[in-house]
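Note that the sequence shown covers residues 18 to 499 in the numbering used here.
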Amino acid sequence: MEMPVPDPEILNRKAAIVARLQKVLPEGAVIHEPTETRAYECDALTAYRCPPLCAVLPGSTEEVAAVLKICHQEGVPVVPRGSGTSLAGGALPTADSVILGVARLNDVLETDYDNRFIRVQTGRTNLSVTGAVEEEGFFYAPDPSSQLACAIAGNIAMNSGGAHCLKYGVTTNNLMGVTMVQMDGTVVEIGGAYLDAPGLDLLGVICGSEGQLGVVTEATLRILPKPEGARPILIGFNSNEVAGACVSDIIRAGVLPVAIEFMDRPCIEATEDFAKAGYPMCEALLIVEVEGSQAEIDEQLKLISAIARRHDPVELRESKSDEESARIWLGRKSAFGAMGQINDYMCLDGTIPVSSLPHVLRRIGEMSKEYGLDVANVFHAGDGNMHPLILFDANKPGDLELCEAFGAEILRLCVEVGGCLTGEHGVGIEKRDLMFDQFSGEDLEAQMKVKDVFDPAWLLNPAKVFPLAVSQARRPGQIAAQ
18 MEMPVPDPEI LNRKAAIVAR LQKVLPEGAV IHEPTETRAY ECDALTAYRC
68 PPLCAVLPGS TEEVAAVLKI CHQEGVPVVP RGSGTSLAGG ALPTADSVIL
118 GVARLNDVLE TDYDNRFIRV QTGRTNLSVT GAVEEEGFFY APDPSSQLAC
168 AIAGNIAMNS GGAHCLKYGV TTNNLMGVTM VQMDGTVVEI GGAYLDAPGL
218 DLLGVICGSE GQLGVVTEAT LRILPKPEGA RPILIGFNSN EVAGACVSDI
268 IRAGVLPVAI EFMDRPCIEA TEDFAKAGYP MCEALLIVEV EGSQAEIDEQ
318 LKLISAIARR HDPVELRESK SDEESARIWL GRKSAFGAMG QINDYMCLDG
368 TIPVSSLPHV LRRIGEMSKE YGLDVANVFH AGDGNMHPLI LFDANKPGDL
418 ELCEAFGAEI LRLCVEVGGC LTGEHGVGIE KRDLMFDQFS GEDLEAQMKV
468 KDVFDPAWLL NPAKVFPLAV SQARRPGQIA AQ
């Protein structure tokens, strides 16, 4: 993986830069000793590591602005960091960059149940947003698998989704406004506590921009009343392709579950050993959840069961209690951790049309044999957001490179069938060199011109999103190296 050559002048000025940052931040908020900065040398894409120049932990929008103003004046790159759960290397630093962590920005600033919004600092974790409003009967809909740890800042940067995005949408569908600090320290307010902002849809540009345009310090989020009830059904099949065909038929029938989740045998076995959720040992498993009144739930599950039976399921189990529902979801939410206990893996994030699920699953199986690497599949089947987990041995020379080549072929397949490179993990460094497989040179030029407007010096989150040679050409004097 190529990374930019660090600027030796910045490295030589480290002590002076750290001293300036210490003047505008509280004691202990600037982390610069090598033994301490190691905690920030990677995110959840742990195959790649690079210690930063230093890390800073501001506690307010004003402190973020002060940090960015100094870094802008010094020409120092800045890498925004939420909770470090990015699976695409979105928070990987360069050696001459400052990591700007938002962990201390974790307050609830305003809650309005009449107008159904909550305003929070973006270091707050996803799950704790719901925790702040659930006693009043509300919840925050986007629910990534890492929701216990991931920060709202990262959710906005990557436009994160989750199991329930089929019905409620992803972050962009639940984001109403942001406070954002630009690279020169300018603070801007975009959107707010109302349905649609006038003028250009800058909120749509910022959500999913991967920290390329500014640092979001506050967010106004849509909250929703809790549904009257919800119930999942567990459906087991003899093959991945049949499970994929069942998903396609459910969507085609016009029924809208709140979630449709898919797991294949390798993932089922690992998860069952880990969480003991009571899953059947079959080739593929669907978790389909519906919600509403008791009558609505019964009617929807009746239709889904009828569709599933046409595909000859090996098991069809409807939850009968809250405890059973929690156990079913515990297995799914534990899937990534369970796989991590048995093997090194790389988690992909391609998105495809639901109708292409059977074909894509079959091709992934064929590719697995061609590359000699096993694959476990677990993903949000309802909206075609796939998460193949490619298993490899990080200690075996060449295995990582083989895994990356396999992953690139899967992502190209997603684009080939009409999908895209990413659904919610972002591009980061993982997919940046595949961007030409989805976009033309003119398309990428248009995207980079947007970044030119917000960050003319290209100091925010360097070496991410765009193919490295192309993005480095935006910064005179910078060259790529191994």
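Quick reminder that beta carbons are idealized off the backbone N, C-alpha and C, glycines included.
| query | result |
| --- | --- |
| Give me the Cα-Cα distance between L212 and G179, rounded to the nearest whole angstrom. | 22 Å |
| May I ask you to verify whether the stretch 237-255 touches the stretch 315-330, counting CB pairs closer than 8 Å and requiring at least 3? | yes |
| On a Cα-Cα basis, can you pick out the residue from V487, V482, D469, V432 that is closest to G458? | V487 |
| Please report the straight-line C-alpha distance between T122 and P242, rounded to a whole angstrom. | It is worth fixing the name first, because residue 122 is Leu in this sequence and not Thr. Each residue's alpha carbon lies about 26 Å from the other. |
| Which residues bound the beta strand (DSSP E) around V305? | 301-308 |
| Which residues in the same chain as Q499 place their Cβ atom closer than 7 Å to its Cβ, once the five residues preceding and following it in sequence are excluded? | Interpretation of Q499 is limited by its pLDDT of 29, a score under 50 that renders its predicted location unreliable; the figure taken from the coordinates is listed afterwards. For Q499, where only same-chain residues beyond five positions count, the Cβ hits under 7 Å are E19. |
| Roughly how many whole angstroms lie between the Cα atoms of Q39 and L183? | 45 Å |
| What alpha helix (DSSP H) runs, 4 residues minimum, are completely inside the stretch 425-490? | 452-455, 458-471, 485-489 |
| Which runs of the beta strand (DSSP E) spanning at least 3 residues fall entirely within the stretch 70-154, listed in chain order? | 71-73, 95-98, 115-118, 125-129, 134-138 |
| Please report the straight-line C-alpha distance between V93 and P375, rounded to a whole angstrom. | 48 Å |
| Report buried or exposed for D329, applying the criterion of at least 16 other Cβ atoms within 10 angstroms of its Cβ. | exposed |
| Give the secondary structure of R492 by DSSP, where H, G and I count as helix, E and B as strand, and everything else as coil. | coil |
| List, from N- to C-terminal side, the alpha helix (DSSP H) runs of 4 residues or more that fit wholly inside the stretch 307-346. | 311-326 |
| Determine whether the beta carbon atoms of S145 and T102 lie at a separation below 7 Å. | no |
| Between G443 and G107, is the Cβ-Cβ spacing less than 7 Å? | yes |
| Go ahead and pull the three-state DSSP assignment for C167. | coil |
| Which residues mark the beginning and the end of the alpha helix (DSSP H) in which Y185 is found? | 182-185 |
| Considering only residues of the same chain and omitting the five flanking positions on each side of E426, which have a CB-CB separation below 7 Å? | M384 |
| Any contact between the stretch 276-296 and the stretch 349-368? By contact I mean 3 or more CB pairs, one from each, below 8 Å. | yes |
| Using the C-alpha atoms, what's the distance from L117 back to G99? | 9 Å |
| As a quick exercise: from E91, L42, F396, F453, pick the residue whose alpha carbon is nearest that of A33. | E91 |
| What's the gap between the Cα of E50 and the Cα of I277? | 46 Å |
| Does C59 come out as helix, strand or coil in the three-state DSSP assignment? | coil |
| Using the C-alpha atoms, what's the distance from A312 back to G445? | 45 Å |
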